[in-house]
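So the number in the working numbering is just where the residue sits in the sequence shown, counting from 1, plus 669. Note sheet for the following structure.
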Amino acid sequence: MTVGILANPHKPGSIPTLRALQAALGRAGIDTLLDCETAALASEDGGIPADSFSLHVDLAAVIGGDGTMLHAVARLGNFGKPVAGINIGTLGFLTSCTDDELDEFAQAVAAERFTTSVRTLLSATVHRIGHPLETFTALNEITLARGDTGRLVSLRARVNGELLNDYRADGLIVATPTGSTAYSLSAGGPLIAPGSAVFIITPICPHSLSQRALVLPDSCVVELSSEDPGSGPMLFTVDGRDSVRIAPGDRVEVRKSPEFFHLLRFEERSFYEALRQKLGWQGV
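This is how it looks when you write it as structure tokens:
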């Protein structure tokens with residue numbers, strides 16, 4: 670078995686954790702392969718592009734945190750194999766274990782004592798006047814929000830071509846169940862179990878309190894556009910990255926991606942355990 674490793678170069682502790690992970694996997698009889706950026710970070714030769722991992726490794730391990738996992742979605746490309754997150758610190762919603770559990774992780778991988786949580790991805794196509802089409806993939810959410818202006822903006826949302834609503838707000842979020850614990854939750858959206866076949870449309874600080882988050886089947890196509898010529902360009906972002914300016918007349922089409930993200934989980938851990946830990950839920 671071979672494990673491909675990606676590390677966050679900006680995360681303190683990445684190099685010591687990388688060395689410890691390589692050692693733990695080696696003791697378990699597992700080979701490792703680094704992506705180019707991680708190899709350069711570790712001053713090692715032999716790194717390969719992360720988007721070619723699917724040809725060379727059996728699973729990927731991402732060192733960092735939930736944010737690093739989100740960036741790994743873009744770096745790995747179409748990677749239909751398990752991805753494990755190694756969190757430097759406390760356990761996150763997307764990470765499989767912490768840097769204190771590397772030996773347990775290596776042993777579980779060697780014995781194949783893990784499960785895979787299949788996560789829906791969003792495919793967002795940006796239609797901009799005078800520009801070629803651009804398509805992005807998101808694990809958590811896409812966001813269309815106000816740009817340089819400090820004012821509320823007007824956004825139109827359509828579902829399968831039918832008008833849903835004209836919003837006055839700071840922006841709109843379209844989130845997956847995985848993203849329901851992230852930006853959408855902060856904006857007042859509901860928690861959704863990962864296996865649910867739904868999307869969430871969540872307004873950000875809407876002008877009217879009657880404009881609430883809406884849960885839709887993930888078979889829907891959601892179209893967002895700016896309806897406020899006076900507010901200037903808005904910002905479209907994908908999992909907090911890839912900012913694109915959206916002008917009036919441009920639109921964003923969001924649909925379920927044909928690809929999936931395969932999140933590695935220890936057999937004894939679950940989404941509900943992460944909820945209890947991260948949200949501080951306690952019994953009466």
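Beta carbons are placed, not taken as given, at the ideal position from N, Cα and C, and that holds for glycine.
Query raised in the report: For Glu896 versus Glu922, is the C-beta distance shorter than 8 Å?
Result: Residue numbering aside, residue 896 sits at position 227 when the sequence shown is read from its first letter. Residue numbering aside, residue 922 sits at position 253 when the sequence shown is read from its first letter. With a cutoff of 8 Å on beta-carbon distance, Glu896 and Glu922 are scored as not near each other.
Requested in this report: Please specify which runs of the beta strand (DSSP E), each continuous and at least 3 residues long, are wholly inside the region 831-913, giving them in chain order.
Outcome: Here the runs fully enclosed are 831-838, 840-844, 867-873, 883-886, 891-895 and 903-907.
Query raised in the report: Do Thr806 and Leu791 come within 8 Å of each other at the CB atom, strictly closer than that value?
Result: Residue numbering aside, residue 791 sits at position 122 when the sequence shown is read from its first letter. Residue numbering aside, residue 806 sits at position 137 when the sequence shown is read from its first letter. In this structure, Leu791 places its C-beta atom within 8 Å of the C-beta atom of Thr806.
Query - Cβ pair count under 8 Å reaching 3, the region 897-913 against the region 752-769 - result: Contact fails: fewer than three Cβ-Cβ distances are below 8 Å.
Query raised in the report: Would you call Cys889 buried or exposed, if buried means 16 or more other Cβ atoms sit within 10 Å of its Cβ?
Result: Stepping through the sequence shown from its first residue, residue 889 is reached at position 220. Counting the other CB atoms within 10 Å of its CB gives Cys889 a total of 16 or more, which places it among the buried residues.
Query raised in the report: Below 8 Å, can you find three or more Cβ-Cβ pairs linking the region 772-783 to the region 929-938?
Result: They touch, by the three-pair rule.
Query raised in the report: Any idea what DSSP makes of Arg782, helix, strand or coil?
Result: Residue 782 sits at position 113 when you count from the first residue of the sequence shown. It is coil, neither helix nor strand.
Requested in this report: Give every residue of the same chain whose Cβ lies closer than 6 Å to the Cβ of Leu883, excluding the five residues on either side of it in the sequence, and list them in chain order.
Outcome: Taking the first residue of the sequence shown as 1, we reach residue 883 at position 214. Taking C-beta separations shorter than 6 Å and ignoring five residues to either side along the sequence, the partners of Leu883 in its chain run Ile870, following chain order.
Query raised in the report: Quick one: is Pro751 buried, meaning 16 or more other Cβ sit within 10 Å of its Cβ, or exposed?
Result: Locating residue 751 in the sequence shown gives position 82, counting from the first residue. Buried, by the Cβ-count rule.
Requested in this report: Could you pull out every residue in the same chain whose Cβ sits closer than 7 Å to the Cβ of Tyr941, ignoring the five residues on either side in sequence?
Outcome: Taking the first residue of the sequence shown as 1, we reach residue 941 at position 272. Hits under 7 Å: none found.
**Report entry** 8 Å contact criterion, which Ala689 and Asp704 should meet: CB distance rounded
**Finding:** Position 20 of the sequence shown, counted from the start, is the residue given in the question as residue 689. Position 35 of the sequence shown, counted from the start, is the residue given in the question as residue 704. With a Cβ gap of about 18 Å, Ala689 and Asp704 do not count as contacting.
Report task. Go through its chain and collect everything with a Cβ distance to Phe762's Cβ below 7 Å, but skip five positions before and after it. Result -> Numbered from its first residue, the sequence shown carries residue 762 at position 93. Around Phe762, the same chain offers Asp735, Thr850, Ala943 and Lys947 as residues with beta carbons nearer than 7 Å, after the five sequence neighbours per side are excluded.
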